[in-house]
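J.: Protein chains in written order, with my numbering: chain U, 689 to 981; chain X, 244 to 447.
#1: Would you say residue 375 of chain X lies against chain U (beta-carbon separation less than 8 angstroms)?
#2: When the cut-off is 8 angstroms and only beta carbons count, does residue 414 of chain X lie next to chain U?
#3: Could you name the residues that DSSP lists as bridge partners for residue 761 of chain U?
#4: Would you kindly work out how many angstroms separate the C-alpha atoms of residue 836 of chain U and residue 747 of chain U, rounded to a whole number?
#5: For residue 692 of chain U, which residues does DSSP report across the bridge?
#6: Can you list, in chain order, the residues of the segment 845-869 of chain U whose Cβ is nearer than 9 angstroms to any Cβ on chain X?
#7: Using DSSP's beta-bridge definition, name the partner residues of residue 834 of chain U.
#8: Distance check for residue 311 of chain X and residue 342 of chain X, CA to CA, integer angstroms please.
#9: Could you check what DSSP says for residue 338 of chain X in three-state terms: helix, strand or coil?
#10: Does any CB atom of chain X fall closer than 8 angstroms to the CB of residue 737 of chain U?
#11: What residues in the segment 274-286 of chain X bring their beta carbon closer than 9 angstroms to a beta carbon of chain U?
#12: Compare the C-beta of residue 968 of chain U against all C-beta atoms of chain X and say whether one is closer than 8 angstroms.
#13: Using C-beta distances below 8 angstroms, list every residue in its chain close to residue 393 of chain X, excluding the 5 sequence neighbours before and after it, in chain order.
#14: When the Cβ atoms of the segment 705-720 of chain U are set against those of the segment 330-345 of chain X, are three or more pairs found closer than 8 angstroms?
#15: Given that a residue counts as buried once 16 or more other Cβ atoms are within 10 Å of its Cβ, and exposed if not, what is residue 410 of chain X?
#16: Distance cutoff 8 angstroms, beta carbons only. Does residue 718 of chain U sit that close to anything in chain X?
#17: Can you tell me whether residue 272 of chain X is helix, strand or coil according to DSSP?
#18: Measure the CB-CB distance between residue 336 of chain X and residue 845 of chain U and report whether it falls below 8 angstroms.
#19: Which residue from U:907, U:958 and U:853 puts its Cα closest to that of residue 839 of chain U?
#20: Taking only beta-carbon atoms, is residue 727 of chain U less than 8 angstroms away from chain X?
#21: Between residue 964 of chain U and chain X, is any beta-carbon pair separated by less than 8 angstroms?
#22: Measuring CA to CA, which of X:418, X:249, X:274 and X:426 is closest to residue 300 of chain X?
#23: Do the segment 267-285 of chain X and the segment 319-327 of chain X make contact, defined as three or more Cβ pairs closer than 8 angstroms?
#24: Any C-beta of chain X within less than 7 angstroms: which residues of the segment 809-841 of chain U qualify?
#25: Using a Cβ-Cβ cut-off of less than 8 angstroms, list which residues of the segment 690-703 of chain U approach chain X; keep chain order.
#26: Sorted by chain position, which residues of the same chain lie with C-beta nearer than 7 angstroms to residue 781 of chain U's C-beta, five sequence neighbours on each side aside?
#27: My assumption, with CB atoms under 8 angstroms, is that residue 720 of chain U sits in contact with residue 691 of chain U. Please give the rounded CB distance.
#28: Around the C-beta of residue 366 of chain X, are 16 or more other C-beta atoms found within 10 angstroms, so that it is buried, or is it exposed?
#29: So if DSSP puts residue 943 of chain U in a beta bridge, which residue, or which two residues, is it bridged to?
#30: Is residue 888 of chain U close to chain X, meaning its C-beta is less than 8 angstroms from at least one C-beta of that chain?
#31: Counting only Cβ pairs nearer than 7 angstroms, list the residues of chain X close to residue 733 of chain U.
#32: For residue 773 of chain U and residue 804 of chain U, I'd like the C-alpha separation in whole angstroms.
#33: By the criterion of Cβ-Cβ separation under 8 angstroms, what are the contact partners of residue 882 of chain U in chain X?
#34: Can you pull the chain U residues whose beta carbon is under 7 angstroms from the beta carbon of residue 428 of chain X, in chain order?
#35: Residue range of the alpha helix (DSSP H) that residue 792 of chain U falls in?
#36: Distance, Cα to Cα, residue 796 of chain U vs residue 752 of chain U?
Structure below.
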């Protein structure tokens, strides 16, 4: 099965690992990802803070490129890019005049014939079917993950259809169940981590992250699993800071969901986190899973 | 909250409410103050009791000063918990966002000085190169902050800025999250044509 793929800027930079792992496990599942040509930044939240027109026009360009490349589905791993693109797609449907205006400037016009999915949507759909049966799964022992969805999986700044439960999403739990991991049940699945406000409103963001961490620990989780590069970066790189501020002694590794799936598919640590490149999650997950992988 | 007591005038309230409604795309007058948004707001503890429902009330009453300068408008994280809980589907996050834009248009300084610089740096970088390079974008953000400090003659702030951000960069480097590669998109002319088209638009 062939899918168009929009990685987004952060997957080429701070979340390189997510890009690498997504490609790896999709290939194993027999899903071929084709990166779209010359994609550009979706504007993330920042475009909408300054210029509402560009907040739609920037993702529209990528949509046009993906639609004209002949694929029926566009996969976006980054939660922010996914949110922006889905919202832009719906707004272009709802405002045809705006769509015409944007199309005038685009070399590859938006036709509105592509389905936009997040990595999690695809994994949830494909891992339920026969694709998983063809793979020898390794038994992963000792993982008690708390699945942290953040804002962008279920809440959008515009009315778009949401597949999952808004208050209590289950997609990650279902995917993990398929590979034999039981996730803990907890409260702050969808609490905001502060996102980019960690830069300009640091204390507020640190308090929110500590809340998330506390509840995960109270439910006896031993790692966090995320799909959003921003959540992953915040929860991991700020962990020392917010734990010190709030007197939390324990530390938790923060995995992309692709990492746990990769381990279950039998990829080695070296496959999942190539050492020669400049990326590792910075935390040693072998402590958790012992020598089994 | 304002410096002088707020006086309600129907006409001013009408004009202000209509502008906020047009720019945010939200049907503000449908709010019946049920406060479901208030109980879900993650920053409500830090906003001097200004909850999303009260923000809506400020707008509808035309209390422009309070609407543009209260803490919720500036602390709102755009997480949309309020929007998903509202029985009338009012996304108050987008109202707060609109009020921020209106405050900046009116020349009011943001309560977090770095807010404006961060989003401006991100947005400009994405227009200029088509893709974000984190080091370059953060560099532009730094320069904007420095310029602000310099204009105010605040040299102490410049030193602490350099110190705090170089610590951040070092932390990121240690975690192997700092990347020196450069990415850009060839379709930049398309993007700049679109940007020219957006000039002067207050809403979509």
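The beta carbon of each residue, even a glycine, is placed where N, CA and C say it ideally should be.
T.: Per the coordinate set shown:
#1: yes
#2: yes
#3: U:803
#4: 26 angstroms
#5: U:722 and U:762
#6: 845, 846, 847, 850, 854 and 855
#7: U:912
#8: 6 angstroms
#9: helix
#10: yes
#11: 285 and 286
#12: The predicted model places residue 968 of chain U with a pLDDT of 42, which falls under 50 and marks its position as unreliable, so this point remains unresolved.
#13: 401
#14: no
#15: exposed
#16: no
#17: helix
#18: yes
#19: U:853
#20: yes
#21: Confidence is the limiting factor: at residue 964 of chain U the pLDDT is only 45, short of 50, which leaves the residue's position unreliable, though a coordinate-based value still follows. No, no contact with chain X.
#22: X:274
#23: yes
#24: 839
#25: 697, 698, 700, 701 and 702
#26: 800
#27: 7 angstroms
#28: buried
#29: U:913
#30: yes
#31: 321
#32: 8 angstroms
#33: 320
#34: 726, 727 and 728
#35: 784-793
#36: 5 angstroms
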